[in-house]
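Just so you know, we're using this note's numbering here: the sequence shown kicks off at 5 and counts up by one. Here a beta-carbon is modelled for each residue, glycine too, at the ideal position from N, C-alpha and C. The block underneath contains the structure these notes are about, expressed in structure tokens.
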Amino acid sequence: MNVLVTGGMGYIGSHTCIQMIQSGMTPVIFDNLYNSKSSVLDCIEKVSGTRPVFINGDIRDKSLLIKVMKEHDIENVIHFAGLKAVGESVEKPLEYYDNNVNGTLVLVDAMREANVKSLVFSSSATVYGDPASVPITEDFPTSATNPYGRSKLMVEECLTDFQKANSDWSITLLRYFNPVGSHPTGELGEDPQGIPNNLMPFVSQVAVGRREFLSVFGNDYPTPDGTGIRDYIHVMDLSDGHVAALEKVGAKHGLHIYNLGTGNGYSVLDMVKAFESASGKPVPYKVVARRAGDIAECWADPAKAVTELGWKAERTLEEMTQDTWRWQSSNPQGYPSE
Ligand code: NAD
Ligand code: UDP
């Protein structure tokens, strides 16, 4: 199975390429390296034994996409490419709508011209807004509170309408909860540029000595220890979820929507403790004000993916923190720069 992987040099895309190769699929990576480095390709090769084809291109370049899909006999597309920082999206909404919404529309238009009718899209639990209850099932109402979230929601809605009008397409929306962790070899991991927005990369940079302390955004939420609760999922489980989606519904006409989460919630302080014990390093923290737009708790009901995809997140919190630490401690500055 030849699969075009947009954003395949990024955090989730690179891990997914490895799991695809291991499952006998052929990923063809299409990425403009806006938020990744070309050395990721060497790491994918080192771990998987295969060097995927890499095209340095932008998903808004329709003619290049068509050419690549035809040249490589592409049958499916997994679409990771996009911008993902919530705070930045508030400052630069146009860039977010252009990359995430317009970029996806150009990609689908190119797929139509190249006669490729199977798409898996990286969505997010952010489309559930502030859920009325937990765990969250796929039929919960959707909403958005910032341009990043709205871009994901807009794409979901565009793809839903498009699939309705094109019933011979398979379109899968995968709603990720909180991806963390790294490849267990320590060769690949998350390498945010600048100050990390997400909890785990920040915690691991504190543990490795790159940052002095973690700011805990609020301890007055209605949760057992007052800090926010999320459904952290190992990136390797998430990657396996993409392979399962391609295998189970990639050739099945229709719109398919799945939560990819574990069904377990951990607080910020749970994560700090787990990280300290995995790394043997202290993670000093200070409690500061709540971050605007944050919700108290969010975790998935993953039953639909379990039943229909035969996929279940299996890696433990210990594996998430140990694997993050292996990557961070052996690559304190992330991937080598070009
Ligand atoms: P990432 O930034 O590590 O990877 C995205 C990749 O897309 C990067 O390699 C970047 O260079 C590339 N890219 C960006 N714009 C592009 C463009 N216009 N053309 C071609 N390539 C482009 O991000 P990630 O964490 O791997 O996330 C992948 C996808 O999953 C994103 O769509 C993100 O919104 C979604 N997602 C991520 C999380 C998370 O916490 N990491 C959670 C939910 C959803
Ligand atoms: N968080 C925190 N300090 C940080 C980053 C995050 O206390 O430096 C908290 C945040 O308030 C939330 C949890 O950690 O409760 C997960 O945040 P993240 O940004 O990783 O994911 P998301 O907000 O998208 O769920």
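Taking 7 Å as the cut-off, does the CB of residue i come closer than this to any heavy atom belonging to ligand 2?
| i | result |
| --- | --- |
| Arg234 | yes |
| Val239 | no |
| Ser208 | no |
| Asp165 | no |
| Asp298 | yes |
| Asn182 | yes |
| Leu242 | no |
| Phe221 | yes |
For residue i, I'd like the list of residues in its chain whose CB is within less than 7 Å of its CB, leaving aside the five on either flank, ordered along the chain.
| i | result |
| --- | --- |
| Pro139 | Gly267, Trp303, Ala304 and Asp305 |
| Ala248 | Leu313, Gly314 and Trp315 |
| Pro286 | Glu280 |
| Gly338 | Asp195 |
| Met24 | Val7, Pro31 and Val247 |
| Lys66 | Val110, Asp113 and Ala114 |
Should residue i be listed as close to ligand 1, given that the test is whether its C-beta is under 7 Å from any heavy atom?
| i | result |
| --- | --- |
| Ala344 | With the chain running from 5 to 342 in the structure shown, residue 344 is simply not present. |
| Thr149 | no |
| Leu192 | no |
| Asp113 | no |
| Asn335 | no |
Nearest-angstrom Cα distance between residue i and residue j?
| i | j | result |
| --- | --- | --- |
| Ile233 | Leu273 | 9 Å |
| Asn60 | Val9 | 12 Å |
| Tyr225 | Phe217 | 21 Å |
| Glu117 | Val310 | 34 Å |
| Pro151 | Asn106 | 14 Å |
| Asn263 | Leu177 | 9 Å |
| Ser341 | Asn36 | 16 Å |
| Leu69 | Leu163 | 18 Å |
| Ser219 | Val291 | 6 Å |
| Ser334 | Tyr101 | 36 Å |
| Arg55 | Phe34 | 14 Å |
| Asn103 | Lys88 | 10 Å |
| Glu323 | Ala169 | 43 Å |
| Gly53 | Val276 | 35 Å |
| Ala300 | Pro135 | 10 Å |
| His238 | Lys41 | 22 Å |
| Gly297 | Gly213 | 29 Å |
| Ala343 | Trp329 | Residue 343 lies beyond the range of the chain shown here (5 to 342); nothing can be said about it. |
Within a Cβ cutoff of 8 Å, which residues of the same chain sit near residue i, ignoring the five residues on either side of it in sequence?
| i | result |
| --- | --- |
| Ala192 | The residue you asked about is not Ala; residue 192 is Leu in the sequence shown. Here the set comprises Ser18, His19, Ile22, Val44, Cys47, Ile48, Val51, Ser186 and Trp331. |
| Lys256 | Ser174 |
Please decide whether residue i counts as near chain C, where near means a Cβ-Cβ distance under 8 Å.
| i | result |
| --- | --- |
| Pro200 | The structure shown contains no chain C; it holds only a single protein chain. |
Only counting the same chain, and skipping five residues up and downstream in sequence, which positions put a Cβ closer than 6 Å to that of residue i?
| i | result |
| --- | --- |
| Ser122 | Asn80, Ser174 and Gly254 |
| Gly258 | none |
Can you check which of these residues, the options, is closest to residue i by C-alpha distance?
| i | options | result |
| --- | --- | --- |
| Val210 | Leu242, Tyr289 and Ser243 | Tyr289 |
| Asn6 | Glu251, Lys96 and Ile261 | Glu251 |
| Ile78 | Val184, Val120 and Val124 | Val120 |
| Arg64 | Gly11, Gly213 and Phe206 | Gly11 |
| Leu242 | Ser283, Glu318, Val207 and Val112 | Glu318 |
| Asp229 | Gly245, Lys66 and Tyr270 | Tyr270 |
| Met73 | Glu160, Ala114 and Leu98 | Ala114 |
| Gln197 | Tyr38, Gln26, Phe166 and Val184 | Tyr38 |
(message) Would you call the stretch 78-98 in contact with the stretch 12-21, where contact means no fewer than 3 C-beta pairs closer than 8 Å?
(response) Yes: the two stretches touch, three or more of their Cβ pairs being nearer than 8 Å.
(message) Check whether the stretch 153-161 and the stretch 112-131 touch, using three or more Cβ-Cβ pairs below 8 Å as the test.
(response) The way I'd put it, the stretch 153-161 does touch the stretch 112-131; three or more beta-carbon pairs between them come closer than 8 Å.
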